[in-house]
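For reference, the structure is listed below as structure tokens.
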Amino acid sequence: MSRRTCIAALVFSLGCGSAAPVVVEPEEPLPTPRQLASEFVRNCVNEGCGYPMDPGADVDTLITLEGLVEVRLNAAYAQEPTRESDVLAMESGLKALFPEADSVLVTALGVPVRELVPNHLRTALAVDEDRRPAAPPRPRPMVQYPDRAPAPSNGLFGRHVAIWGSHGWYYEPALDRWEWQRARLFTTVEDVLPTSFVLPYLAPMLERAGAHVWMPRERDVQPHMVVVDNDDANSGYRETCNWSVGGSGFAMGSPPYETGHNPWQDGTARRIDVTDRPCTATWQSRLPEAGSYAVYVGYGRSAGPGMVTYTVSHAGGDTRVVVDQRMAPGTWVYLGHFEFDASAAVTLTTAGATGAAISADAVRFGGGMGLIERGGRPSGRARWLEGARYALQFDGMPAALVYNVTEQPANDYVDDYRNRGEWVNFLRGAPLGPNKDQLNPGLGVPVDVSIAFHTDAGITPDSTTIGTLLIYSSRGFGDDGSEVRTFGDGMSRFANRDFADLLQEQIVADLRDLYDADWTRRPIWDRDYSEAYRPNMPSALLELLSHQNFADMRFALDPQFRFHVSRAIYKAVLRFVALQYGEPEPVIQPLAPTHLSAVATAAGIELSWQPNTDPLEPSAMPESFRVYLRRGIRGFDDGRAVQGLSTVIPADSTITGMRVTALNGGGESRPSEVVTARAAGGGARVLVVSAFDRIGPPAAVDVGGWRGFPEYLDHGVPDGMALEYVGAQHQFDTRVVWRDDDEPGHGASHADWETSVEPGNTFDFAASAGADLLAAGAGSAFDVISDERLAEEPGLATGYDVIYVLLGEERAAVPGHPVREAFRPFSAGLRQALRGARERGRTVLVSGSYVTEELTRGTEEEQAFAREVLRAVHRSERASRSGTLRGVSGPFSDLSARFNTDRGGSVYAVEAPEAIMPGDRETVTVLRYGDSNMSAAVAATGVAVFGFPLESVTDRRERIALIQAALQATGHHD
């Protein structure tokens, strides 16, 4: 019997007698029972009860039956997170108002208020088993990687999470144009801002915890796409043994496609019975250019499908991926991102396959450009920028059930937000299928939870944030189209509230601990928003912050903030799934290792690191580590397990790149920075100090009604790449109001960069730096040590003949943001290491945009370090816009070069190169900026300092020439 039935039965039994239900109406001047209850609630709203209550909370209705008083609170009451002790205290207070009543029942949203307490916070109250599946599903992994880290034992292995970031580029028929669904504000737009959380952070976190992540929008930012298919004789598909036609399948045909066109019905799939004889299908192709590509496979429906192994051949080697073909036939299944050189290949083998038969269809490399025609033309944008409506068509989803759910020819805006819930229902299938046909078998993917990730609008007049709102729905469609409070499998939709509450609680708690003690926790709304109402499994719609509010955006534009928000969401999903299925308290995956060093010895390359503790999560401690290798410049292998904090890597004559992850029962951390080494006998010893750790937001200014992000002061540093950036802010006046998305008022931004992906800090510049140093004649071998490691053991530097400090855009103080000491260019330990090296006659080279700026403005000791060790002093910021350089003395005299100042270059843009001056009479200026004629580099015996990052000189011949000249100017001889 449901709770609503129980309540009804209780009311009925108390009212069964000769007396009819009455409304208590005391004579004046005594207040009515409703007025008494309302006064009590309003007193609580004003903080008179010692626990929080929504400002709009009040008594909606008060009903009395014989012996029973039911106080029905309005919907606003339920917007505040409900806690057990608060509810029990409120119930006690209301009962005290009616001492003669046998029972006082307090309800909201049609249920007792105690039912609003989430399961995970109940101690005195019984857990609501109706919010859990009757038969918890067993973990069923979509893909497995037998050559990589073991599957997490206490994470999300075998679970399925559907998530999407916001809106996307869509066709607006009223204007006959493709456009964003929201306005360009504060250098970004909501259509891509949540994507900058989901793609680089949240999805990988969930995957490293063992989950398979499904997205209704394209996830690969690679603009190239190559499809290899059995229906195209020239595409590179080959097979061994006797395959046969296995029903309809994918064919690329001739895009762009019109609405309703399904490329998954244009071709054929192949099938073969599973026998003892190993048979193969291979998809091989040349790629337009080397780089990172997502790899997707497709297969058809077959009788008795099972598990089958694909092998992806990439720049780092071969990676086996085991795919469960019992799920998701007739669509693209994501295998992962891989680095490729000029060619790519995927091979399927029947060896080890389970089931009676397997299928093979198409393989896709990359995300590509828009393929759907609207208004007579495709979008002209990369597919990852488009809304879900277009991706789902290319994914083979049925039009009327999923992507064109309105069944109108030109209502893409509505279709785009309605189709996401219907897509996840189609993934799941009966009895939780699309709401037009909940018994549709769908694709058989047991999706556990779905999240719609958005940002909101709204403005505050001060430095307070709009904050975080969660939306869920306690109602949904029944299989007959009626409104119901259970899912098709009988689970209560109040599971949605539990998930929303936990998600908001985790995000807000982490942000208050790490960023803003007053981060605003907004309500939890029970609303029929499509992305919360339509999914037929636990779901929530997250409105993280306001993209219209300067105070919120100061955080949102920070990659570190985006990482921590994503980690909070991952933790909430992990904990909710464990609670739903009655599993033990889950373990949080570790943070990436730090303090790396790679030192070549006679025995090989000694690689060491340190664990990185998480102050918020005691369980996030590493239990082991995994080391990934790269021979040459592109592509890591699948790694090897390591116990302890060091290992020895066999060395050869190639440059070996290494990165490390930490593992525990919850999964695997993101990779560490990359350190490299090349071992060789004889010659000078060369050390690269990897000191460019910074990622961060652009400069912020808030002065007298002028607010925003004047990026000419500081662009910020993207983490890998900037997916959120669309163009510079051009409207800083807070008085200018929104009139239209084309005229959005304060915060309005340009659109000139929204088709480009801006590169940032790759944490992998040391490899090219070491190779350049060797090519310039610095030595025959090099090691890489992180600045954190060297700062802890400064004496290591004296063992090298040449020390190159790679600072990049390391900077602690960015205008408008708190100082971050972790990004200070020269820590005390690093200063000690370099001073000691110079005192022993070692050669020191340094490059970066902020080499001397903070030293010159620092303590007396820091100023002395700049003058005496670096022999340079700060002159000016933003010394060049053109990036041109010309040599002016000594070995530099005949040189010219250029560093990148363009956001769309192959390396990050240098917006604020430093003008530096000689620190003493023996030091000379050797380079000047071509436009300003300011000093760009200085050199003296034993030291050379560049006021720009050397890695930003994109022509390698120019970089090597600059290093050669610096070595000569410092007097170094190998």
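Everything in the sequence shown is counted per this note's numbering, starting at 59 for the first residue and increasing by one. By construction, the Cβ of each residue, glycine as well, lies at the ideal position given by its N, Cα and C atoms.
Closest option to Ala849, judged by alpha-carbon separation, among Asn670, Tyr315, Gly739 and Pro883: Pro883. Arg898 sits away from Ser993, with the two beta carbons spaced by 8 Å or more.
Looking only at Asp419, Arg172 and Arg189, the smallest Cα-Cα distance to Ala182 is reached by Arg172. Buried is the label assigned to Thr714, since at least 16 other Cβ atoms lie within 10 Å of its Cβ. A direct Cα-to-Cα measurement between Gly945 and His1030 gives close to 19 Å. By the criterion of at least three beta-carbon pairs nearer than 8 Å, the region 922-941 is not in contact with the region 832-843. Segment contact: the region 375-393 against the region 286-303, fewer than three CB-CB distances shorter than 8 Å; contact not assigned. Each residue's CA atom was taken as its position, placing Arg688 and Met716 some 6 Å apart. Using a Cβ distance threshold of 8 Å, Glu782 and Val250 count as a contacting pair. Inclusion of Leu771 and Ala720 in the CB contact set at 8 Å is not warranted, their separation being larger than that value.
Out of Pro199, Leu260, Glu276 and Pro231, the CA that lies nearest to the CA of Gly268 is found in Pro199.
Pairwise C-beta distances place the region 283-296 in contact with the region 420-427, as three or more of them are shorter than 8 Å. The DSSP-derived three-state label of Thr914 is helix.
In the three-state scheme derived from DSSP, where H, G and I count as helix and E and B as strand, Thr464 is classed as coil. Residue burial is scored here from C-beta neighbours: Arg328 has at least 16 other C-beta atoms within 10 angstroms and is therefore classed as buried. Judged by DSSP in its simplified three-state form, Ile565 adopts helix. Ranked by Cα distance from Thr317, the options Gln342, Gly216 and Glu465 are led by Glu465. Pro252 sits away from Ala449, with the two beta carbons spaced by 8 Å or more.
Residue environment for Pro321: buried (at least 16 other C-beta atoms within 10 angstroms of its C-beta). Only buried fits Val1011, as 16 or more other CB atoms lie within 10 angstroms of its CB. Residue burial annotation: Gly125 is exposed, with fewer than 16 other C-beta atoms found within 10 angstroms of its C-beta. Taking all protein chains in view, the Cβ of Thr983 is crowded by 16 or more other Cβ atoms within 10 Å, so the residue is classified as buried. In the DSSP assignment, Met427 forms a beta bridge with Ala440.
Put simply, the region 576-585 touches the region 549-560. At least three CB pairs are less than 8 Å apart.
Counting the other CB atoms within 10 Å of its CB gives Leu233 a total below 16, which places it among the exposed residues. Rounded to the nearest angstrom, the gap between the Cα atoms of Phe957 and Leu527 is 44 Å. The beta carbons of Pro593 and Ser540 sit about 17 Å from each other, so the pair does not count as a contact at 8 Å.
Going by DSSP, His622 is part of no beta strand (DSSP E) but of the alpha helix (DSSP H) stretching over Pro617 to Gln638. Proximity to Ala291 across Pro708, Gln342 and Asn462 peaks at Gln342, based on C-alpha coordinates.
In this chain, the beta strand (DSSP E) harbouring Ser508 covers Val507 to Asp514. When DSSP assignments are scanned along the region 196-258, the uninterrupted stretches of beta strand (DSSP E) that are 3 or more residues long and fall wholly within it turn out to be 218-223, 228-230 and 235-237. Shown here for Val247: same chain residues with a beta carbon closer than 6 Å to its own, the five before and five after excluded, namely Trp238, Arg240 and Val784 in chain order. For Asp672, the closest alpha carbon among the candidates Ala626, Val185 and Arg698 is that of Ala626. Boundaries for Pro976: no alpha helix (DSSP H) harbours it, while the beta strand (DSSP E) harbouring it runs Ala973 to Pro976, taken from the DSSP string. The way I'd put it, the region 519-538 doesn't touch the region 799-819; fewer than three beta-carbon pairs between them come closer than 8 Å.
Going by DSSP, Thr405 is part of the beta strand (DSSP E) stretching over Ser401 to Thr407.
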